[in-house]
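Remarks on the structure that follows.
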Amino acid sequence: MIIAFLTNDLVFPSRVRPIAERLGAQFETTMNADALAAKLANATDGKSIVLIDLNSNSDPTATIATLKSLATPPRSIIAFGPHVHEARLAAARDAGCDLVLTRGQFDSQIESLLELLIL
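Residues in the sequence shown are numbered from 801 upward in steps of one, following the numbering used here.
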């Protein structure tokens, strides 16, 4: 299982990494959609979860379309962003994210979400 995190934030992944590793997942971070797709293509078991920070520079609609077109698409795509970025949250939802949360919701629920998705 690989958990791939698309973000430009250099600090927040350090909150998610220990949770992913405790659950036995390989944790990868990347700053662009192409690198994200390459990391997922290397997933040995074909199982992956993608976390998308909507504050990243990547276009969420294009990124989600790319992920869904992979030979083995992610098991789940979760996007999150500031609650004031309603248009980006809605675009991620419309593009087919499995779950779209505000950053506060994501931060408070990440451990339980990952536990449910990995088990």
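Here a beta-carbon is modelled for each residue, glycine too, at the ideal position from N, C-alpha and C.
Quick caveat: nothing in here was measured; it's all calculated off a predicted structure.
(request) Check whether the Cβ atoms of I852 and P860 sit closer than 8 Å, and answer yes or no. (result) yes
(request) Entirely within the stretch 829 to 880 and at least 3 residues each: give me those beta strand (DSSP E) ranges in chain order. (result) 848 to 853
(request) Could you please give the first and the last residue of the uninterrupted beta strand (DSSP E) stretch that includes A804? (result) I802 to L806
(message) For G904 and H883, which I take to be in contact (beta-carbon distance under 8 Å), what is that distance rounded to the nearest angstrom?
(response) 7 Å
(message) Based on DSSP bridge pairs, tell me the residues matched to L901.
(response) F880
(message) So, with DSSP's three-state summary, where would you put F812?
(response) coil
(message) Tell me which residues share the same chain as K847 and place their Cβ nearer than 6 Å to its Cβ, disregarding the 5 neighbours each side in the sequence.
(response) Cβ neighbours of K847 beyond the five flanking positions: M801 and R875.
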